[in-house]
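J.: Taken in order, these protein sequences are the chains called X and B.
Per this note's numbering, the first sequence starts with residue 4, numbered consecutively.
Per this note's numbering, the second sequence starts with residue 4, numbered consecutively.
All C-beta atoms in this analysis are idealised placements derived from N, C-alpha and C, irrespective of residue type, glycine included.
2 protein chains.
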Amino acid sequence: MRILVTNDDGIFAPGIHLLRARMEELGAATAVAPLTEQSGTGHSITLYHPLRVRDIARKGEPVCYGVSGTPADCVKIAVTELLPKPPDLVMSGINPGGNIGTNVIYSGTVSAAMEAFVMGCTSIAISIDTFKPTAAQYDKAAEVALKVARMALKKGFPRCLLNVNLPDLPPKKMKGLKLTRQGMSRFIEFFEKRQDPRGHNYYWLDGELVDNMPSPDSDYGAVHDGYISVSPLSCDMTYDAVMGDIKRGLSGLL
Amino acid sequence: MRILVTNDDGIFAPGIHLLRARMEELGAATAVAPLTEQSGTGHSITLYHPLRVRDIARKGEPVCYGVSGTPADCVKIAVTELLPKPPDLVMSGINPGGNIGTNVIYSGTVSAAMEAFVMGCTSIAISIDTFKPTAAQYDKAAEVALKVARMALKKGFPRCLLNVNLPDLPPKKMKGLKLTRQGMSRFIEFFEKRQDPRGHNYYWLDGELVDNMPSPDSDYGAVHDGYISVSPLSCDMTYDAVMGDIKRGLSGLL
Numbered sequence: 004m005r006i007l008v009t010n011d012d013g014i015f016a017p018g019i020h021l022l023r024a025r026m027e028e029l030g031a032a033t034a035v036a037p038l039t040e041q042s043g044t045g046h047s048i049t050l051y052h053p054l055r056v057r058d059i060a061r062k063g064e065p066v067c068y069g070v071s072g073t074p075a076d077c078v079k080i081a082v083t084e085l086l087p088k089p090p091d092l093v094m095s096g097i098n099p100g101g102n103i104g105t106n107v108i109y110s111g112t113v114s115a116a117m118e119a120f121v122m123g124c125t126s127i128a129i130s131i132d133t134f135k136p137t138a139a140q141y142d143k144a145a146e147v148a149l150k151v152a153r154m155a156l157k158k159g160f161p162r163c164l165l166n167v168n169l170p171d172l173p174p175k176k177m178k179g180l181k182l183t184r185q186g187m188s189r190f191i192e193f194f195e196k197r198q199d200p201r202g203h204n205y206y207w208l209d210g211e212l213v214d215n216m217p218s219p220d221s222d223y224g225a226v227h228d229g230y231i232s233v234s235p236l237s238c239d240m241t242y243d244a245v246m247g248d249i250k251r252g253l254s255g256l257l
Numbered sequence: 004m005r006i007l008v009t010n011d012d013g014i015f016a017p018g019i020h021l022l023r024a025r026m027e028e029l030g031a032a033t034a035v036a037p038l039t040e041q042s043g044t045g046h047s048i049t050l051y052h053p054l055r056v057r058d059i060a061r062k063g064e065p066v067c068y069g070v071s072g073t074p075a076d077c078v079k080i081a082v083t084e085l086l087p088k089p090p091d092l093v094m095s096g097i098n099p100g101g102n103i104g105t106n107v108i109y110s111g112t113v114s115a116a117m118e119a120f121v122m123g124c125t126s127i128a129i130s131i132d133t134f135k136p137t138a139a140q141y142d143k144a145a146e147v148a149l150k151v152a153r154m155a156l157k158k159g160f161p162r163c164l165l166n167v168n169l170p171d172l173p174p175k176k177m178k179g180l181k182l183t184r185q186g187m188s189r190f191i192e193f194f195e196k197r198q199d200p201r202g203h204n205y206y207w208l209d210g211e212l213v214d215n216m217p218s219p220d221s222d223y224g225a226v227h228d229g230y231i232s233v234s235p236l237s238c239d240m241t242y243d244a245v246m247g248d249i250k251r252g253l254s255g256l257l
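1. Quick one: which chain X residues come within Cβ less than 8 Å of residue 3(B)?
2. Whose Cβ in chain B lies nearer than 8 Å to the Cβ of residue 79(X)?
3. Can you confirm whether residue 130(X), when its beta carbon is compared against all beta carbons of chain B, has any partner nearer than 7 Å?
4. Helix or strand or just coil, what does DSSP make of residue 2(B)?
5. Based on DSSP bridge pairs, tell me the residues matched to residue 21(B).
6. Between the Cα of residue 73(X) and those of 227(X), 93(X), 58(X), 112(X), spot the shortest distance and give me the residue it belongs to.
7. What does residue 36(X) pair with, by DSSP beta-bridge criteria?
8. Please determine if the stretch 164-172 of chain B and the stretch 210-228 of chain X are in contact, where contact requires at least 3 C-beta pairs separated by less than 8 Å.
9. Using a cut-off of 7 Å between C-beta atoms, extract the partners of residue 213(B) located in chain X.
10. List, in order along the chain, the chain X residues whose C-beta lies closer than 9 Å to that of residue 84(B)?
11. If I'm right that residue 45(B) touches residue 48(X) with Cβ under 8 Å, what's the distance once you round it to whole angstroms?
12. With burial defined as no fewer than 16 other Cβ atoms inside 10 Å of the residue's Cβ, what is the status of residue 106(B): buried or exposed?
13. Given that residue 54(X) touches chain B, what residues does it touch there, using C-beta distances under 9 Å?
14. Given a cut-off of 7 Å on the beta-carbon distance, is the pair residue 185(X) and residue 9(B) in contact?
15. For residue 121(B) and chain X, any beta-carbon pair shorter than 7 Å?
16. Within the continuous beta strand (DSSP E) that includes residue 94(B), where are the two ends?
17. Would you decide whether residue 11(B) is buried or exposed? Buried here means 16 or more other CB atoms lie within 10 Å of its CB.
18. Using CA atoms only, rank isn't needed, just tell me which of 102(X), 137(X), 247(X), 217(X) is closest to residue 236(X).
19. Less than 6 Å between C-beta atoms, sequence neighbours within five positions excluded: which residues of the same chain meet that for residue 140(B)?
20. According to the neighbour-count rule (16 or more other Cβ atoms, all chains shown, within 10 Å of its Cβ), is residue 37(X) buried or exposed?
21. What residues from the stretch 38-72 of chain X come within 8 Å of chain B, judged by C-beta to C-beta, listed N to C?
22. Okay, do the stretch 85-100 of chain B and the stretch 119-129 of chain B touch, 3+ Cβ pairs below 8 Å being the bar?
23. Our contact map puts residue 152(B) next to residue 29(B) with C-beta atoms below 8 Å; I'd like the distance itself, whole angstroms only.
24. Three-state secondary structure (DSSP) at residue 58(X)?
25. In chain X, which residues lie with their C-beta within 7 Å of the C-beta of residue 150(B)?
26. DSSP has residue 192(B) in a bridge; who is on the other side?
27. Candidates 154(X), 164(X), 221(X), 87(X): which alpha carbon is nearest residue 125(X)'s?
28. For a cutoff of 7 Å on Cβ pairs, would you count residue 4(X) as touching chain B?
29. Leaving out five residues on either side along the sequence, give the residues of the same chain with a beta carbon under 6 Å from the beta carbon of residue 155(B).
30. Quick check for students: name the residue ranges of the beta strand (DSSP E) that lie wholly in the stretch 92-154 of chain B, counting only runs of 3 or more.
31. Just how far apart, CA to CA, sit residue 220(B) and residue 191(B)?
32. If I'm right that residue 57(B) touches residue 68(B) with Cβ under 8 Å, what's the distance once you round it to whole angstroms?
33. Is residue 83(X) helix, strand or coil by DSSP?
34. Is the Cβ-Cβ distance between residue 40(X) and residue 18(X) less than 7 Å?
35. Using the Cα positions of residue 84(X) and residue 202(B), report the straight-line distance between them to the nearest angstrom.
36. From the beta carbon of residue 231(X), is the nearest beta carbon of chain B less than 7 Å away?
And the structure:
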């Protein structure tokens with residue numbers, strides 16, 4: 004079994020090495036991740052600069068790779084260029100900060116897993132719903148990742164992308180794994196306007212997570228009820244619910 | 004009626020000004036777009052740098068704004084900061100190059116429209132399936148954009164994101180508007196490895212669009228049959244088809 008491990012926090016973040024080490028229980032696990040933090044880069048890919056790849060040695064571990072690009076770039080170059088064969092499984096994380104609701108579209112962690120899914124691999128994104136996870140929470144996330152990976156690798160299991168989010172609780176207080184849907188929680192944003200020392204304006208993005216359509220079946224609902232949320236995602240964003248309206252609207256245009 | 008017009012090719016690209024001018028038939032149309040080309044940036048947002056906004060004067064036109072960020076940043080800052088009131092409609096384009104199949108996840112054009120949709124607006128992304136559209140094709144795209152916008156603004160029409168793609172044909176040879184689904188066509192990628200003058204390796208992403216699951220109902224199928232494709236998209240990526248398998252798999256883990 005070959006496992007590719009990536010993230011959006013960069014090859015020097017702690018979560019990826021914990022995750023890679025745990026994945027060794029399944030097979031040969033290689034870490035390929037951005038050289039710099041790439042949070043919020045969504046499904047960005049690098050078209051206007053070439054990519055550089057650095058071999059990075061870590062004591063007692065197999066060589067890993069740092070890429071001068073985004074999480075999606077890392078998966079593309081790992082699968083087509085750096086690994087001797089395409090991986091059986093791609094893991095992305097462990098990310099500090101939940102990737103839930105509409106925020107998955109901004110998430111480098113989920114986008115890396117999505118890239119793997121588009122390329123034909125099963126993939127799992129793992130996040131913890133806090134920006135400062137404890138060592139115990141990281142360890143729990145790695146344990147959950149391994150469990151979910153074993154499930155996804157079983158014979159006959161469909162190829163999928165699983166977006167896993169752990170609640171911000173001590174591991175003993177976390178409830179079990181819960182199947183969820185991507186919910187509609189989102190950031191309500193505003194910009195903070197400041198002036199630089201030369202009197203020119205600049206803007207910082209800020210915001211607050213809200214859930215206007217709460218549901219216990221959503222990723223947001225599950226995590227806020229203390230469960231570990233598992234949502235299957237795909238790259239098909241077709242909005243089926245409005246197909247009929249659009250069809251009627253278009254027929255009026257012909 | 005207020006219309007925000009944006010793109011991923013930057014505020015100096017021709018398509019956005021053609022589109023903005025045509026949208027004046029509906030109401031006040033303001034262009035807010037990245038200062039530099041942002042193709043392939045997907046749903047990236049800028050978290051680690053502040054944003055700058057430049058007023059840009061164009062002869063005989065209302066002021067427009069260039070933003071030092073991504074298409075999604077432009078929509079966020081336009082809606083919350085630059086426009087006096089939230090827009091009734093957000094238009095993204097006119098993009099040279101189709102945004103079809105799984106490639107919509109990399110598309111800055113579609114991501115700008117998606118950002119608007121997440122923020123509660125109806126939005127339309129317009130692309131032409133060639134990197135070098137003719138003046139006649141740009142003009143046709145603006146005409147189609149106006150038609151589709153009028154439809155989407157009708158009373159009772161559901162809020163939606165419409166992804167419109169014109170085929171690479173002379174306008175007279177284009178067939179009508181066709182309702183489609185986001186298809187599964189995708190780029191099969193490879194990296195071209197080169198050496199810089201100092202003997203260090205670097206990699207350029209390259210690839211070829213393929214459609215392994217062709218269907219006349221897909222965006223790819225419609226455009227390749229000469230139709231103008233209209234796909235409704237949403238930000239919900241839940242993979243419904245595998246929910247049952249995941250449920251069974253997870254029940255084995257509890």
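T.: On the basis of the data shown:
1. Shown here, chain B extends from 4 to 257; a query on residue 3(B) therefore has no answer.
2. As a position in the first sequence, residue 79(X) is number 76, starting the count at 1. Within chain B, the C-beta atoms nearer than 8 Å to that of residue 79(X) come from 192, 194, 208, in chain order.
3. Here residue 130(X) refers to the residue found at position 127 when the first sequence is read from its first residue. So no, residue 130(X) is outside the interface.
4. Residue 2(B) lies beyond the residue range present for chain B, which begins at 4 and ends at 257; the question has no answer from this structure.
5. As a first step, residue 21(B) must be located in the second sequence, where it is residue number 18. According to DSSP, which records beta bridges pairwise, residue 21(B) is partnered with nothing at all.
6. Counting from 1 along the first sequence, the entry for residue 73(X) is found at position 70. It is 112(X).
7. Residue mapping note: residue 36(X) aligns to position 33 of the first sequence, counting from 1. The partner list for residue 36(X) (beta bridge, DSSP) reads 69(X).
8. A contact is defined here as three or more CB-CB pairs under 8 Å, and the stretch 164-172 of chain B fails this definition with respect to the stretch 210-228 of chain X.
9. The count along the second sequence starts at 1 and reaches residue 213(B) at position 210. Here the premise fails: no neighbours, minimum Cβ distance about 12 Å.
10. In the second sequence, the residue the question calls residue 84(B) occupies position 81. Correct list: 193, 194, 196, 206.
11. The residue given as residue 45(B) occupies position 42 in the second sequence. The residue given as residue 48(X) occupies position 45 in the first sequence. That belief holds up - the Cβ atoms of residue 45(B) and residue 48(X) are roughly 7 Å apart, short of 8 Å.
12. Walking along the second sequence from the start, residue 106(B) turns up at place 103. So residue 106(B) counts as buried.
13. Within the first sequence, residue 54(X) is the residue found at index 51, counting from 1. Residues of chain B passing the Cβ test: 194, 205, 206, 207, 208.
14. Counting from one through the first sequence, the residue named residue 185(X) turns up at place 182. Counting from one through the second sequence, the residue named residue 9(B) turns up at place 6. The answer is no: Cβ separation not under 7 Å.
15. Against the second sequence, residue 121(B) aligns to sequence position 118. Chain X contact via Cβ: present.
16. For the purposes of this step, residue 94(B) is taken as residue 91 along the second sequence, with counting starting at 1. Where residue 94(B) is concerned, the enclosing beta strand (DSSP E) stretches over 92-99.
17. Taking the second sequence and counting its residues from 1, one reaches residue 11(B) at position 8. Taking every protein chain shown into account, the CB of residue 11(B) has 16 or more other CB atoms within 10 angstroms, so this residue is buried.
18. For the purposes of this step, residue 236(X) is taken as residue 233 along the first sequence, with counting starting at 1. Nearest of 102(X), 137(X), 247(X), 217(X) to residue 236(X), Cα basis: 102(X).
19. As a working note, residue 140(B) is residue 137 in the second sequence. Closer than 6 Å at Cβ, skipping near neighbours: 131.
20. Here residue 37(X) is taken as the residue at index 34 of the first sequence, counted from 1. By the beta-carbon neighbour count (other beta carbons within 10 angstroms, threshold 16), residue 37(X) is buried.
21. Hits within the stretch, in order: 40, 42, 43, 44, 45, 46, 47, 48, 49, 50, 51, 53, 54, 55, 56.
22. yes
23. For this step, residue 152(B) is matched to residue 149 along the second sequence. For this step, residue 29(B) is matched to residue 26 along the second sequence. With 8 Å as the limit, residue 152(B) and residue 29(B) qualify as a contact, their Cβ atoms being about 6 Å apart.
24. Sequence index remark: in the first sequence, residue 58(X) carries index 55 (1-based). DSSP places residue 58(X) within a strand segment (E or B) once states are collapsed to three.
25. Locating residue 150(B) in the second sequence gives position 147, where the first residue counts as 1. Per Cβ cutoff of 7 Å: 256.
26. Walking along the second sequence from the start, residue 192(B) turns up at place 189. Paired residues: 210(B).
27. As a first step, residue 125(X) is located in the first sequence; it is residue number 122 there, counting from the start. Out of 154(X), 164(X), 221(X), 87(X), 164(X) has the C-alpha closest to the C-alpha of residue 125(X).
28. Within the first sequence, residue 4(X) is the residue found at index 1, counting from 1. So no, residue 4(X) is outside the interface.
29. For this step, residue 155(B) is matched to residue 152 along the second sequence. So the qualifying residues of the chain are 125.
30. 92-99, 125-131
31. Locating residue 220(B) in the second sequence gives position 217, counting from the first residue. Locating residue 191(B) in the second sequence gives position 188, counting from the first residue. So the two alpha carbons sit approximately 22 Å from each other.
32. In the second sequence, the residue the question calls residue 57(B) occupies position 54. In the second sequence, the residue the question calls residue 68(B) occupies position 65. Confirmed, Cβ separation roughly 7 Å.
33. Taking the first sequence and counting its residues from 1, one reaches residue 83(X) at position 80. Helix.
34. For this step, residue 40(X) is matched to residue 37 along the first sequence. For this step, residue 18(X) is matched to residue 15 along the first sequence. Against a cut-off of 7 Å, the Cβ pair of residue 18(X) and residue 40(X) comes out as no contact.
35. Residue mapping note: residue 84(X) aligns to position 81 of the first sequence, counting from 1. Residue mapping note: residue 202(B) aligns to position 199 of the second sequence, counting from 1. Spanning the two alpha carbons is a distance of roughly 19 Å.
36. Your numbering for residue 231(X) matches position 228 in the first sequence. Taking Cβ atoms only, chain B never reaches closer than 7 Å to residue 231(X), which makes this a no.
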